[in-house]
Amino acid sequence: MEFSIVFYVTLAILLLILLVNASRRSSIEEPFFDKVLSKEFQGFLAVFIIIHQTVVTLDHFANGDGRVFLFPFFNYFYYGILAVCFYFFSSGFGLMKRWMTDDKYIKGFMRRRIFTVLVPFFICNYIYLTDALIQNIKVGAHFHPLEVVCSFFGFFLINNQMWFAVEIMILYLVFRIVFAKVKKPVPGIIIMTIVVLVMMVIGLLCGHSDSPVMSYWFMGEWWYNTILMFPIGMFYAYKEERLNKIFRKAFVSILIASGILLIIIDFVHRILINKCIYWTETLGSDHPILDKLQGLGVETVFEIVFIIFVLTIMSRVKFGNPILRFLGKISLEMIMLNYLFCSKLYFLYTRYGIYVYLAAVVAGTVVSASIVYFIKNIVLERRNKLFDGKVN
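Residue numbers 565 to 956, in the numbering used here, belong to the letters of the sequence shown in order.
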């Protein structure tokens, strides 16, 4: 009963955050998906990811039995992938859109884009590394010296949740190299797609780390099961005007079709996830790579249909409010820091229950992410502040 209540309460809060000040969009408004809306929606998804990661943590401490006693709160477990795929889609869209509309965009790209991720990544990385070293001292354990060195430079991730920052920086760097030379959109998009496919193959072959928390780069399905949305976002930016016309003219048909498909694919996806489709090599499967490809195929279709569904809604509904703008600014920092509070504050769950625990995790993540955001701005000498209403 407790988890039924918390599920509906969190769902209501998420909808409230998203729908406050939402309004009907003019049928002739162009474009309907832009930098500001993309960033604000990412803020909403960052909160969703915190709840998703909380469920993952509870399931981990329950030794995989969480889907039984957490139901229906456990439903959040299945949709973290959709939140992450939209991040990659938005990032690809944003880069491509700016490159197409700003001749000088590549100049200063390292500072504007890569360092904006690099600085908070290392801040969060050193927080996790310091915590891990302190915990090792307490229990009398120790890292291998190579692991400490690799952790210091970010090649060994003390927290697997940091993978997103690493991968987005790789994509930004490749984008900078490719589009500094390429002068036309299509060749650039094709090259970026090839690079992404290579990264997916590397992740597919690397398998998983022996530790559920720590690993080197590209170990784990999360490294490759959402990244394809990045070049798809680039393609949408390139064909935005034509695709937007389709979304508007066939609004009802696309909304119904994508909605039905989401329900069907969601059902199939749940079956595959419950079968541990990405971990079958540990279950003695004869064809683990084929199993992974099956899961990847279903999830890729799931993500594309989800993005189409969201864009269709955005073609008629305008989202935006101060809460979303605030969350959008610190969304990256929230994603990187949420696991720290999910794990460290777990004792609150054992003592006081899910309500206190979840509230503390969200509050701790938001406050710490805000602090890291301020530090990042100081390091990068950026003038925008947390509450100035500007989105970068």
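Where a beta carbon is used, it is the ideal one built from N, C-alpha and C, also for glycine.
request  = Report the three-state DSSP secondary structure of residue 780 (helix, strand or coil).
outcome  = strand
message = Quick check: is any heavy atom of the ligand FAD less than 8 Å from the C-beta of residue 673?
response = In the structure shown, the ligand FAD is absent, as is every other ligand, since no ligand is present at all.
ask   = Would residue 782 pass as a contact of residue 726 if the rule is Cβ separation under 9 Å?
value = no
request  = Measure the C-alpha to C-alpha separation of residue 619 and residue 640 and round it to an integer number of angstroms.
outcome  = 7 Å
task = Using the Cα positions of residue 755 and residue 742, report the straight-line distance between them to the nearest angstrom.
result = 8 Å
ask   = Are residue 710 and residue 884 closer than 9 Å when you measure CB to CB?
value = no
query = Alpha carbon to alpha carbon, what distance is there between residue 920 and residue 912?
reply = 7 Å
task = Note down, in chain order, each residue of its chain lying with its Cβ closer than 7 Å to the Cβ of residue 625, except the 5 sequence neighbours on either side.
result = 910
ask   = Quick one: Cα of residue 575 to Cα of residue 668, how far?
value = 43 Å
message = If the criterion is Cβ atoms closer than 9 Å, does the pair residue 772 and residue 843 meet it?
response = yes
query = Would the beta-carbon of residue 765 fall within 9 Å of that of residue 791?
reply = no
ask   = Which first and last residues belong to the alpha helix (DSSP H) in which residue 621 is found?
value = 599–625
message = DSSP has residue 881 in a bridge; who is on the other side?
response = 588
query = Can you name, in chain order, every residue of its own chain whose Cβ lies under 7 Å from the Cβ of residue 929, other than the five neighbours on each side?
reply = 614, 898, 901, 902 and 905
task = Kindly identify the DSSP beta-bridge partner or partners of residue 519.
result = Since the displayed the chain opens at 565 and closes at 956, residue 519 lies outside it and no answer follows.
key: Euclidean distance between Cα positions of residue 894 and residue 648   = 15 Å
key: Beta-carbon separation (whole angstroms), residue 617 vs residue 892, contact threshold 8 Å   = Contact flag wrong, Cβ pair sits at about 19 Å.
key: Of the residues 646, 627, 578 and 567, the one placed nearest residue 887, counting alpha carbons only   = 578
Residue 901, DSSP secondary structure in three states = helix
Buried/exposed call for residue 1000, threshold 16 Cβ in 10 Å = Examination of residue 1000 is not possible in this model, given that the chain is present from 565 through 956 alone.
task = Count the CB pairs spanning the segment 856–874 and the segment 803–810 that are closer than 8 Å, and state whether there are at least three.
result = no
message = Taking its Cβ as the centre, do 16 or more other Cβ atoms sit within 10 Å of residue 603, making it buried, or is it exposed?
response = buried
Beta-carbon gap between residue 654 and residue 797 smaller than 9 Å = yes
task = Using three-state DSSP, classify residue 720 as helix, strand or coil.
result = strand
ask   = In or out: residue 652 buried (at least 16 other Cβ within 10 Å) or exposed?
value = buried
Residue 722, buried or exposed, once every other Cβ within 10 Å from all chains shown has been counted against 16 = buried
inquiry  = Please give the ranges of any alpha helix (DSSP H) in the segment 633–715, keeping only runs that are unbroken, at least 4 residues long and fully inside the region.
reply    = 644–665 and 679–703
ask   = For the alpha helix (DSSP H) that residue 809 lies in, which residues bound it at each end?
value = 804–813
inquiry  = Here's the rule I'm using: 16 or more other beta-carbon atoms within 10 Å means buried, otherwise exposed. How should residue 717 be labelled?
reply    = exposed
message = Within a Cβ cutoff of 8 Å, which residues of the same chain sit near residue 508, ignoring the five residues on either side of it in sequence?
response = Missing from the structure shown is residue 508; the chain here goes from 565 to 956 and no further.
inquiry  = Considering only their Cβ atoms, is the gap separating residue 681 from residue 729 smaller than 9 Å?
reply    = yes
request  = Quick one: using the 10 Å Cβ neighbour count with 16 as the cut-off for buried, is residue 817 buried or exposed?
outcome  = exposed
request  = Return the first residue and the last residue of the alpha helix (DSSP H) that residue 746 is part of.
outcome  = Neither: residue 746 is in no alpha helix (DSSP H) and is coded neither H nor E.
message = Within the continuous alpha helix (DSSP H) that includes residue 890, where are the two ends?
response = 886–893
key: Buried versus exposed, by CB contacts within 10 Å (16 or more), residue 724   = buried
ask   = Using a Cβ-Cβ cut-off of 7 Å (strictly less than) and excluding sequence neighbours within five positions of residue 612, which residues of its own chain qualify?
value = 578 and 647
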